[in-house]
Every structure is written in C-alpha cells, then in structure tokens.
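K.L.:
Numbering (our numbering), first residue to last: 7 to 391.
#1: Three-state secondary structure (DSSP) at residue 369?
#2: Taking only three categories from DSSP, how would you classify residue 118?
#3: By the DSSP assignment, the beta strand (DSSP E) with residue 340 in it spans what residues?
#4: Determine which residues share a DSSP beta bridge with residue 358 and list them.
#5: What is the rounded straight-line gap between the Cα of residue 312 and the Cα of residue 256?
#6: To the nearest angstrom, how far is it from the Cα of residue 27 to the Cα of residue 177?
#7: Hey, could you find the ends of the alpha helix (DSSP H) residue 283 is sitting in?
#8: Which value, in whole angstroms, describes the spacing of the CA atoms of residue 174 and residue 182?
#9: Which whole-angstrom value describes the C-beta separation of residue 305 and residue 299, a residue pair presumed to lie in contact below a C-beta threshold of 8 angstroms?
#10: Span of the beta strand (DSSP E) holding residue 392?
#11: From residue 47 to residue 41, what distance separates their C-alpha atoms?
#12: Kindly indicate which residue of 118, 235, 166, 151 has the alpha-carbon position closest to the one of residue 141.
#13: Here's a check: name, in chain order, each residue in its chain whose Cβ is nearer than 7 angstroms to the Cβ of residue 369, leaving out the five neighbours to either side.
#14: Could you tell me which residues DSSP puts in a beta bridge with residue 331?
#15: So, at 6 angstroms on beta carbons, what are the nonlocal neighbours of residue 253 in its own chain, with the 5 sequence-adjacent residues on each side left out?
#16: Within 10 angstroms of its Cβ, does residue 33 collect 16 or more other Cβ (buried), or is it exposed?
#17: Relative to the alpha-carbon of residue 315, which residue among 225, 53, 250, 345 has its alpha-carbon at the smallest distance?
#18: Determine the direct distance from the alpha carbon of residue 107 to that of residue 96, and round the result to whole angstroms.
#19: Cα-Cα, which of 334, 367, 134, 320 is closest to residue 361?
#20: At the level of alpha carbons, what is the spacing between residue 329 and residue 303?
#21: Would you mind stating whether residue 205 and residue 227 have Cβ atoms separated by less than 9 angstroms?
#22: What is the rounded straight-line gap between the Cα of residue 358 and the Cα of residue 334?
#23: Work out the CA separation of residue 364 and residue 168 for me, nearest whole Å.
#24: CA-CA distance, residue 261 and residue 288?
#25: With DSSP as the reference, label residue 189 as helix, strand or coil.
#26: Would you mind listing the beta strand (DSSP E) stretches within the stretch 113-162 that are 3+ residues and don't spill past its ends, in chain order?
#27: With distances taken between CB atoms, is the gap from residue 87 to residue 124 smaller than 9 angstroms?
#28: Determine the burial state of residue 119: buried for a count of at least 16 other Cβ atoms within 10 Å of its Cβ, exposed for fewer.
#29: May I have the straight-line CA-CA distance separating residue 14 from residue 110, to the nearest angstrom?
#30: Between which two residues does the alpha helix (DSSP H) carrying residue 89 extend?
#31: Buried or exposed for residue 22, going by 16 or more other Cβ atoms inside 10 Å?
#32: So, are the CB atoms of residue 114 and residue 130 less than 9 angstroms apart?
#33: With 9 angstroms as the threshold, decide whether the Cβ of residue 172 is near any Cβ in chain C.
#34: Would you please state the rounded distance, in angstroms, between the beta carbons of residue 128 and residue 150? I believe it to be under 8 angstroms.
#35: Rounded to whole angstroms, what's the CA-CA distance from residue 56 to residue 49? Just pull it up for me.
#36: Less than 7 angstroms between C-beta atoms, sequence neighbours within five positions excluded: which residues of the same chain meet that for residue 225?
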C-alpha cells in the first residue's frame, strides 16, 4: 500500500520541483531575458514570480485549510518523506527573496523534523537563519547537512558562514578564514563547472588576502577564481557582488581603472544597492586629491623642493649603491640607477631609483569586503566581514 502511495505522489513532487526550479532560474538568469536598465525592477519581479509559483504549487498539492497561505502537505503527499519534500520545496520557494521569511523557517523546520536526512532542507534552513542574523544556527545547519551527505551547496555555504562566526581572538578568526578556503576548495573539487563555487573560493581568497598581509600571490588566486566563475557560469557576469569584490581587490592593488569599472558595473546591475556608488565616489575623490597633489608636487615650495633634490647623493642608496645587490636568499642582482622618467609601467627589472618623499596620502577607510548571502543575488545584511 505504501509503495502505491509513493508512486502516486511522484508526479506531484516532480511538478513541484519543476516549479521551484523555474522560479530560481528566473532569479538567477534574470539578465538573460532583461536588460541592465531593468535592474531596479528585479527584486519586485522575483517577488511576483514567487507569488505566482506558490499559487501554482497550491493547485498541484491542494490546500489543508483556508487559513493556510502556502501549500501544505495533504493526503496527496503520501509518505513522511513525501510530506517533508513538499514542506522543503514550499519553504525554498518562500526563501527566494532577500528577506527573512518566518513562514519559510516554520516549513523548513518541520521538513527536517520529519526527514532529518533531507540535506536540501537543512541548506535552505541555514540560509533562512542567515537572513535572520542567527549565524551560529546557520553554521549548525550547514555542518549538520554535511554529516548526512557531502555536497557542494553545504560546503559553499559553510565556507561563507565560517568567516562570519563570532571569535574571541584574531588567531581564531584567522583559523576560520583558512578553514573557509579549504571548504571552498572542496566545493570546487566536487564540481569544477559550478560558477558559484569558484566565486565563493574567490571571496575566501580575498578574505585571506586581507587577513595575511595582502600577499600578491593570494590576490592573484582570488582574481583567477573570479575569472573562472565567469568562464564556467554565464550568470556570474551579471553578479553585482562579484564585480564589487573584485573591484575592491583592484583598488587595494592600485589598479584604479579596473576598480572604477567594477564599481560602476556593480551599481548598474543593482541600482538599489548604494555600496557600489559609495565606493566609486570615494575612489574618485581619492584620485582627485592624488592628482592635485601630484600636479602641485605636494604643495611643497619651489625653494624647498630644490633643496630636497640637491641633497640627494648616491651614498643614500646604501647596499644598492655599487650596482650590485644580494638578497637574503643569496640571489645576486645587477642594478642600474635610473630616473623616474625612464621607468615603464609594470615591472622594471634591475632598476634602482633614488628620491625623496614629497607627500603621502592615506585613506581612513577600513577594508570593505562585501560577502553577501545568498551568493549571486542578495546581500543580507549588506556588508559581511
């Protein structure tokens, strides 16, 4: 009898799965059917699509009481597993928006109680807790899902949530960042064609970059991961968060043209998000100040400037003064003293310069790494660190 019920419920669950998949595809592939000029309407369009999907799900499942505003398990749903699946799919549909949904939390909590091994329900419940601001509960959900089944979604989410856990010491936070990189690498290994995994790995490397003294090798790893995300997933190019995070890295590496381009693209893809415009304006103001100081030579008076230049002596080059230099590793280099005007953009091998600091320009901005959740669409709260 139970087998007959399971056979009857299969078409129902299959139809519900199709509806939810179509809803998420609408969200993630929005810019494949809409222009960038429609970016400001995206969230409202997704909400309307969610309402339409929930109504269609009601028609498939049937209602258990007039007071219910979402599909509930009915006799059509067969076994306990079938009921849990309906609860999970309905909660997932409600979870498509950037806002915390109490109803989604209720349905997904019921789903995992009915079927504790339903990994997708644990992952969705973890996302709901994250939106609610309960990072510890989200971590528990993602870690728990992995005890039932190793899967890329839990690994992706765990990589992100590890960086948000409260820590008592800097060393503990550093360990979480390193673990975050490991989890992201595992997710990539499970599916090298998943753009979301590559994007999350890029964010993990970006956190590691700022956490370990801004090592250029790590920044290159982050940039490579972002590039791979765009290569394997067409929707990654429409991800405002990817553009903003990559632009942030370009800014700190003083690649200002790429940074401004990234901030501008992020703002165009999500006009309602003020952060890209704020960072773009902040960088423009910094560059304006820098340009002004360069043109005025730091506002140093001519007489003082000439005195500074006249005091320069080859002896000030120290161990580089005789044209030879040996590094701490024992590598020997031949050096040539060159004026700044002779240098080319990029690496100038074998060149040594001598000068005086005329001015310095600093920024009071803290490291503004944004790692949103869920990835590719929403950020809740708007800035993670």
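We put the CB at the ideal spot given by N, CA and C, even for glycine.
P.N.:
Reading it off the structure:
#1: In the three-state DSSP reduction, residue 369 falls in the coil class, being neither helix nor strand.
#2: Helix, per DSSP.
#3: Segment 338-340, the beta strand (DSSP E) holding residue 340.
#4: BP columns for residue 358 point to 343.
#5: Cα to Cα, residue 312 sits roughly 35 angstroms from residue 256.
#6: Each residue's alpha carbon lies about 41 angstroms from the other.
#7: Counting along the chain, the unbroken alpha helix (DSSP H) around residue 283 starts and ends at 281-301.
#8: For residue 174 and residue 182, the distance between alpha carbons rounds to 12 angstroms.
#9: Contact holds; Cβ gap of about 7 angstroms.
#10: Residue coverage of the chain in this structure runs from 7 to 391, which leaves residue 392 outside it and unanswerable.
#11: A direct Cα-to-Cα measurement between residue 47 and residue 41 gives close to 11 angstroms.
#12: Here the closest residue by C-alpha is 166.
#13: Sequence-distant Cβ neighbours of residue 369 in its own chain, meaning closer than 7 angstroms and more than five residues away, are 292.
#14: Per DSSP, 339.
#15: Take residue 253, set aside five residues on each side of it, and the residues of its chain with a beta-carbon closer than 6 angstroms to its own are 265, 268, 269, in chain order.
#16: Its Cβ being crowded by 16 or more others within 10 Å, residue 33 is buried.
#17: In this structure, 345 is the residue among 225, 53, 250, 345 with its C-alpha nearest to the C-alpha of residue 315.
#18: Their backbone Cα atoms lie some 12 angstroms apart in a straight line.
#19: Closest in alpha carbon position to residue 361, among 334, 367, 134, 320, is 320.
#20: Looking at the two C-alpha atoms, the distance is approximately 29 angstroms.
#21: Result no, Cβ atoms of residue 205 and residue 227 do not sit closer than 9 angstroms.
#22: Distance between residue 358 and residue 334, taken at the CA atoms: about 18 angstroms.
#23: Those two C-alpha atoms are separated by around 43 angstroms.
#24: In this structure, the straight-line span from the alpha carbon of residue 261 to that of residue 288 is close to 15 angstroms.
#25: In this structure, residue 189 counts as helix in the three-state DSSP scheme.
#26: If we require 3 residues or more, the stretch 113-162 turns out to have no beta strand (DSSP E) run fully inside it.
#27: A contact, by the Cβ cut-off of 9 angstroms.
#28: It is exposed - the Cβ of residue 119 has fewer than 16 other Cβ atoms within 10 Å.
#29: Straight-line measurement puts the Cα of residue 110 at about 26 angstroms from the Cα of residue 14.
#30: From DSSP, the alpha helix (DSSP H) with residue 89 extends over 86-100.
#31: When all chains shown are included, residue 22 counts as buried.
#32: Less than 9 angstroms separates the beta-carbon of residue 114 from that of residue 130.
#33: Protein chain content of the structure displayed is limited to a single chain, and chain C is not contained in it.
#34: So it is a contact: roughly 6 angstroms between Cβ atoms.
#35: Approximately 11 angstroms between the Cα atoms of the pair.
#36: Once the five neighbours on either side are set aside, the close Cβ partners of residue 225 are 215, 255, 259.
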